[in-house]
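The sequence shown begins at 1 in UniProt numbering and counts up by one.
Below is one structure, written out as structure tokens; comments come after it.
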Amino acid sequence: MATSKKPGGLREMLESMYSVIALLFILVACVELCDAAAAVDVYRLIQYDMSGSPFGSRFAALNHHAASLHFPPGVDLSRTVLIIPLRELNLTFIREYINQKKPFGGLLVLLPEVLSFKTGGNKQVHEKEKMKNLLAELERLLVHSNIPYPVYFAFENDEIGTVLADIKKNDLMGQPATATTGGYKLVIPTAEPKKVASPTMTNIQGWLSGLKTDGDANQLPTIAIVASYDTFGAAPALSVGSDSNGSGIVAFLEIARLFSLLYSNPKTRGRYNLLFGLTSGGPYNYNGTQKWLRSFDQRLRESIDYAICLNSIGSWDNELWIHVSKPPENAYIKQIFEGLSNVAEELDLKVGLKHKKINISNPRVAWEHEQFSRLRVTAATLSELSVTPELLESTGGLFDTRQYVNETAIVRGVKLVAESLARDIYGHQGKNIQIFADESSLAVNHAYVRSWLDVLSETPRVAPFLSKDDPFVMALKKELAGHVDEVNVQHETLEGIFTFYDSTSARLNIYQVASVTFDLLLLLVLGSYLIVLFSFLVITTRGLDDLISLFRRPPSRKLKTA
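This is the structure:
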């Protein structure tokens with residue numbers, strides 16, 4: 001009986017030892033990632049293809065050690081995430097690494113907290129102005145480059161500030177974080193980005209019917225007021241575009257509200273139909289505007305006297321620009337320019353005229369009115385921008401936040417456009433008549449302007465990532481429906497040369513990790529302890545001979561037979 005129990009007891013002891021050793025290895029494997037230093041929200045650099053060419057950040061997952069700009073010369077950064085506060089950004093260094101295709105494990109740019117649309121702060125104005133040009137140049141570089149590693153943006157806070165200070169200290173001491181020295185590791189366990197299938201654009205159309213006299217068989221003329229509402233920027237999850245084109249949308253909604261008051265009363269309803277259009281796809285050659293216009297029947301298109309497109313009117317001082325494609329001698333262009341100029345003079349403002357011919361064979365559409373001009377409809381764009389923007393620029397970048405928009409500028413823009421339109425509609429051209437006078441029932445509502453500007457400044461709205469039933473799109477539709485007679489929604493697929501990828505934001509975990517030397521030393525100490533403990537247990541329970549027999553070579557088969 002004693003002989004039969006002995007192997008079973010030894011087997012149980014061995015199984016217990018194996019379990020302890022397995023647990024030991026699991027614990028040692030987890031030593032590296034056991035101390036979480038911080039967890040922050042991060043926003044990935046946009047990833048897209050244009051005409052088949054890749055641009056933006058091509059990867060999303062991160063699992064590398066962190067370093068600062070104070071890393072030792074000659075260090076290999078191919079498995080290192082470089083953390084750079086915008087205040088310390090050396091644009092020449094970044095441009096060199098990108099242009100020469102030098103490897104990074106990843107790049108994390110820390111933005112000042114004052115730029116966050118979540119904080120809504122308006123302090124440190126001088127600092128924000130200083131950062132604006134630098135951030136715009138960085139964004140331009142990143143958006144138009146093919147970057148074969150993850151690039152993220154995050155906002156500075158105390159947690160990440162403490163981590164970065166520790167990283168800088170180690171780098172300055174010549175001890176950058178590696179697998180052998182330890183340090184901090186940045187981890188984003190996310191799947192690789194996938195193409196956004198059939199991205200949608202949603203156009204919202206509203207209509208205020210003019211007053212038609214009895215027996216008049218002719219169709220009333222139409223004036224269109226249009227604004228594009230979507231954005232494009234280096235980080236889609238941060239592209240709120242407070243000025244471009246949040247300011248245009250706010251002015252659009254306030255103009256619709258003002259004329260709804262006039263048109264609700266037959267006595268003050270004008271003899272013009274008013275067509276309101278909120279369009280999508282603005283950054284992509286105004287693709288949504290093109291599809292919206294092509295959905296018009298010929299009769300409606302021919303009834304449009306002219307269209308006013310509102311674009312970036314929230315950060316100007318004293319001068320706006322009217323951009324046109326038709327010659328300034330055109331009767332309707334003269335009517336638009338003279339009407340706005342007369343009102344501007346009364347408001348102590350300036351309005352300039354910029355004429356740029358369009359090339360039908362060139363797919364590039366720089367201004368929204370150009371889509372109207374391609375269909376032989378007179379149109380103009382009112383903007384604070386005097387120079388034609390390049391493709392994917394001035395479309396709501398990282399610096400285009402609430403803090404840079406002047407609410408008063410939008411109010412003045414609304415008064416300028418609304419008074420000019422009203423004088424055309426009611427035949428008061430050239431007369432110094434204020435229909436939307438301050439303190440009157442038709443005065444521009446500052447609170448309304450402010451509230452919608454706040455909403456837009458907290459709402460990223462890059463078209464490929466807005467669904468058909470996105471709450472923001474539904475809110476725009478509902479708001480416009482409260483001002484006009486009828487609202488129609490048009491859903492289209494974004495077509496053309498662009499392909500977009502998902503994974504626009506993530507959660508970054510920052511771990512303080514021990515060095516491999518420490519792991520090996522810990523493993524050696526624990527392993528030695530278990531061996532001694534096991535030997536002691538075997539000797540005290542089974543005797544020294546049993547312990548020796550565990551390590552003794554078993555006899556060969558021939559010897560057993562003999």
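Note that beta-carbon positions come from the ideal geometry of N, C-alpha and C, so glycine has one too.
Through-space distance from residue j to residue i, alpha-carbon basis
i: N63; j: H446; result: 49 Å
i: A344; j: G248; result: 18 Å
i: T231; j: W321; result: 21 Å
i: G132; j: A197; result: Before going on, a small fix: residue 132 reads as Lys here, not Gly. C-alpha separation (whole angstroms): 34 Å.
i: E254; j: E393; result: 26 Å
i: E492; j: L476; result: 17 Å
i: G430; j: G339; result: 7 Å
i: P328; j: E495; result: 33 Å
i: G246; j: P72; result: 44 Å
i: T92; j: P283; result: 28 Å
i: D41; j: S53; result: 29 Å
i: G527; j: P193; result: 43 Å
i: S280; j: N342; result: 32 Å
i: F252; j: I147; result: 38 Å
i: I510; j: P150; result: 16 Å
i: T304; j: E419; result: A small correction: the amino acid at residue 304 is Ile; Thr does not occupy that position in the sequence shown. So the two alpha carbons sit approximately 19 Å from each other.
i: A366; j: Y48; result: 20 Å
i: T200; j: L391; result: 20 Å
i: K168; j: A67; result: 7 Å
i: R87; j: L135; result: 10 Å
i: R95; j: L82; result: 14 Å
i: P460; j: P236; result: 7 Å
i: E113; j: R423; result: 45 Å
Residue environment, residue i, which counts as buried when at least 16 other CB atoms sit within 10 Å
i: I548; result: exposed
i: M173; result: exposed
i: E139; result: buried
i: N99; result: exposed
i: L375; result: exposed
i: G314; result: buried
i: E479; result: buried
i: A437; result: exposed
i: K357; result: exposed
i: N359; result: exposed
i: Q403; result: buried
i: I84; result: buried
i: T222; result: buried
i: E156; result: buried
i: S325; result: buried
i: D171; result: buried
i: A29; result: Per-residue confidence for A29 stands at a pLDDT of 47, beneath the threshold of 50, marking its modelled position as unreliable; no derived number is given.
i: L533; result: exposed
Selection from the options that minimises the alpha carbon distance to residue i
i: L45; options: A37, A60, S51; result: A60
i: H369; options: S145, A227, V473; result: A227
i: K185; options: V377, L107, G210, S145; result: L107
i: Q512; options: S209, L382, G339, D166; result: D166
i: K350; options: S373, A409, G396, N330; result: A409
i: A443; options: R257, L89, V405; result: R257
i: L382; options: R79, S373, I336, N362; result: I336
i: D317; options: N342, N406, A224; result: N406
i: T190; options: E384, S503, L523; result: S503
i: F498; options: D348, P464, S373; result: P464
i: P389; options: H323, S373, L466, D470; result: H323
Rounded Cβ spacing between residue i and residue j (contact assumed at less than 8 Å)
i: L278; j: Y332; result: That belief does not hold up - the Cβ atoms of L278 and Y332 are roughly 23 Å apart, past 8 Å.
i: T401; j: S457; result: 6 Å
i: G105; j: N203; result: With a Cβ gap of about 42 Å, G105 and N203 do not count as contacting.
i: G233; j: G396; result: 5 Å
i: Y152; j: L508; result: 7 Å
i: Q490; j: Q205; result: 7 Å
i: Q219; j: R299; result: 7 Å
The region 433 to 453 / the region 292 to 299 touching (three or more Cβ pairs under 8 Å): no
Cβ contact check for the region 468 to 487 and the region 257 to 277: 3 or more pairs under 8 Å: yes
The region 265 to 276 touching the region 238 to 245, judged by at least three CB pairs closer than 8 Å: no
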